[in-house]
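Residue numbers (our numbering): 2 to 456.
Just so it is clear, CB atoms sit at the ideal spot from N, CA and C, and this is done for glycine as well.
Note that the structure is predicted; figures quoted are calculated from it, not measured.
Down below is the structure, laid out as structure tokens.
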Amino acid sequence: MKDTIRIASGQGFWGDWLEAPVRQVEAGPIDYLMMDYLAEVTMSIMQKQRSRNPELGYAKDFVPLMRRLLPTLVRKGIRVSANAGGVNPIACATAVLNEARDAGLAGKVAIGVVTGDDLMPRLEQLLAAGHELKNMDTGEPLEAVLDSVQSANAYLGAWPLVEGLRRGANILITGRVTDTGLTLAPMIHEFGWAPDAWDLLAAGTVAGHIIECGAQCSGGNCMYGWERIPSMHDPGYPIVEARPDGGFVVTKHDGTGGRVSVQSVTEQLLYEMGDPTDYITPDCIADFTTVSLKKNGKDRVEISGVRGRPATDLLKVSISYSYGYKAIGTLVYAWPEAVKKARAADKIIRARLDRLGLNFDETVTEIIGVDATHGRLAGKPDPDIAEVQLRIGVRGLQRTPVERFSREIAPLILNGPPGVTGFAGGRPKVEEIVAYWPALIPKSEVCPKVEILEA
2 MKDTIRIASG QGFWGDWLEA PVRQVEAGPI DYLMMDYLAE VTMSIMQKQR SRNPELGYAK
62 DFVPLMRRLL PTLVRKGIRV SANAGGVNPI ACATAVLNEA RDAGLAGKVA IGVVTGDDLM
122 PRLEQLLAAG HELKNMDTGE PLEAVLDSVQ SANAYLGAWP LVEGLRRGAN ILITGRVTDT
182 GLTLAPMIHE FGWAPDAWDL LAAGTVAGHI IECGAQCSGG NCMYGWERIP SMHDPGYPIV
242 EARPDGGFVV TKHDGTGGRV SVQSVTEQLL YEMGDPTDYI TPDCIADFTT VSLKKNGKDR
302 VEISGVRGRP ATDLLKVSIS YSYGYKAIGT LVYAWPEAVK KARAADKIIR ARLDRLGLNF
362 DETVTEIIGV DATHGRLAGK PDPDIAEVQL RIGVRGLQRT PVERFSREIA PLILNGPPGV
422 TGFAGGRPKV EEIVAYWPAL IPKSEVCPKV EILEA
């Protein structure tokens, strides 16, 4: 058993900084590279891609990244855990294996592919068996929107990934797993933690939560002393130095920008936090109120004391469904009386929509520079403000009225208030709304599968 392993975060979402994982692999020693690609509605995007092309449905950025990194990963013995597989992990793994063969790495790359999270093919069967998949926020049964569902994926935990590591995979490619599981799995594997070692599993879960969003815990999006955080053009993404006893240090590579501090880590700990005593995952329930943080040198924060409890017998299901259409139009108004002009333009647009008999489920106006962020708390605007942006959006179940709205913005360029600009982008684009439906399902209804594919 190793005394310490170093797990580096390389991506916090699909679209994160492409150089981050390269820096993590090349700038210093690490044992694992963890990359998180899947937000709540990402799966619906991938389902659409796969419906158009059965070889797609995964994070396409991952494949050229692996092309770039594979020789170094193999040479240094760095293993990868990534949920880049989306709704098509096998296709993603196949594409990576092709890159490995092209790089002359045949026989040196084994990919553990984790599937079983995709419940779309079984939705009607599950409903017929009495699993209503009620919305966790509203209590409404899924049957109400079943015809509009685009994706349905159970959140798997760390243990299928552990199986892949034990079977020799040096790259793990998964569909929907918990963000924390991508980090917890290497700890379980390396340290031999038992399935009922709740405090240890909770510690690994906290570690995963801290680094799951990339540089958000190492200086990015950090309120505390943000102006004094150095070299954010080259932020060091976080690294967990984990120990068998569950203690760990959050740090980053020397010579990189950003800052790892008690404050930055605390801010990330609170990210997406509900009840801090009851952080539920498929692997355990972690009590975040037991976490102790202490500075342990420059850009080093020691975490200890984490306590955990047994996991529940349920898994969360992330479901996305079509919920109508939206369009958002913008115009910029300049001094003098910029705010008055923007408000006058808003009244004109709304009056014209009323005259056309267009009714929407929601119509929202914001004046950026005045009230878009703080709303009524913003107070009175500066009468001499140099410029503001009017942003007005509508939402409705039918596409045609939303398309008609999109034609009512540009006319104000010539027949609305003066001093207008910011219209070069053309008419507002009508977009489909993908809504989120969280639900629960018994673990017994979900069967993870692990396959090992070799180059």
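With 16 as the cutoff for other CB atoms within 10 Å, does residue i come out buried or exposed?
i, result
"MET274", "exposed"
"THR278", "exposed"
"GLU432", "exposed"
"ASP276", "exposed"
"TRP227", "exposed"
"GLU144", "exposed"
"PRO30", "exposed"
"ASP180", "buried"
"HIS375", "exposed"
"SER82", "buried"
"GLY131", "exposed"
"GLY140", "exposed"
"ALA85", "buried"
"HIS234", "exposed"
Which stretch, first to last residue, makes up the alpha helix (DSSP H) that contains residue i?
i, result
"ASN99", "90 to 103"
"GLU404", "400 to 407"
"LEU128", "124 to 129"
"MET44", "43 to 53"
"LEU301", "The question names Leu, yet the displayed sequence has Arg at residue 301. It is not in any alpha helix (DSSP H) - ARG301 carries neither H nor E in the DSSP assignment."
"ASP288", "Careful: ASP288 lies outside any alpha helix (DSSP H), inside the beta strand (DSSP E) at 286 to 288."
"VAL340", "339 to 356"
By alpha-carbon positions, which one of the options ends up nearest to residue i?
i, options, result
"VAL64", "LEU316, ALA28, ALA104", "ALA104"
"LEU436", "ARG102, SER321, HIS210", "A quick correction: the sequence has Ala, not Leu, at residue 436. Closest option to ALA436, Cα to Cα, is SER321."
"ILE240", "PRO231, THR179, VAL115, THR252", "THR252"
"LEU74", "GLY256, LEU57, LYS109, MET233", "LYS109"
"HIS190", "ILE212, GLY209, VAL207, TRP160", "TRP160"
"GLN25", "THR206, MET121, ALA216", "ALA216"
"ARG244", "VAL371, PHE192, MET233, ALA335", "PHE192"
"PRO382", "LEU357, ALA343, ALA456, PRO418", "ALA343"
"GLY256", "VAL266, ASP300, THR282, TYR280", "ASP300"
"GLU27", "ARG69, GLN50, MET2", "ARG69"
"GLY78", "ARG168, TYR225, LEU34, ALA335", "LEU34"
"GLU213", "GLN264, CYS285, ALA328, GLY11", "GLY11"
"LEU127", "LEU106, THR116, ASP138, LEU147", "LEU147"
Hey, could you find the ends of the beta strand (DSSP E) residue i is sitting in?
i, result
"THR252", "249 to 252"
"LEU270", "Note, LEU270: premise wrong, no beta strand (DSSP E); alpha helix (DSSP H) at 263 to 270."
"GLN217", "No beta strand (DSSP E) contains GLN217, which DSSP labels as neither H nor E."
"VAL395", "388 to 397"
"LEU441", "432 to 443"
"ASN154", "150 to 155"
"SER321", "315 to 335"
At least one CB of chain C closer than 8 Å to the CB of residue i: is that the case?
i, result
"ARG400", "Judged by its chain identifiers, the structure shown contains no chain C, having just a single protein chain."
So, for residue i: in the same chain, excluding its five sequence neighbours on each side, which residues have a beta-carbon less than 8 Å away from its beta-carbon?
i, result
"GLY248", "ALA204, GLU303, ILE304, SER305"
For residue i, which residues in the same chain have their Cβ closer than 6 Å to its Cβ, ignoring the five residues on either side in sequence?
i, result
"ALA94", "ILE112, VAL114, ILE174, LEU454"
"ASP32", "ILE6, ARG7"
"GLN48", "VAL88, GLN151, SER152"
"GLN50", "LEU57, GLY58"
Leaving out five residues on either side along the sequence, give the residues of the same chain with a beta carbon under 7 Å from the beta carbon of residue i.
i, result
"VAL307", "ASP200, ALA203, ALA204, VAL207, GLY247, ALA287, THR291, VAL292"
Item to check | Cβ contact (3+ pairs, closer than 8 Å) linking the stretch 314 to 324 and the stretch 437 to 446 | outcome: yes
Item to check | Cβ pair count under 8 Å reaching 3, the stretch 218 to 225 against the stretch 19 to 39 | outcome: no
Next on the checklist: I want to know whether the stretch 387 to 395 touches the stretch 286 to 297 - three or more CB-CB distances under 8 Å.
Outcome noted: no
Next on the checklist: I want to know whether the stretch 61 to 77 touches the stretch 281 to 289 - three or more CB-CB distances under 8 Å.
Outcome noted: no
Checklist entry - Is the number of C-beta pairs between the stretch 338 to 351 and the stretch 413 to 425 that are closer than 8 Å three or more? => result yes
Next on the checklist: Would you call the stretch 394 to 401 in contact with the stretch 358 to 365, where contact means no fewer than 3 C-beta pairs closer than 8 Å?
Outcome noted: yes
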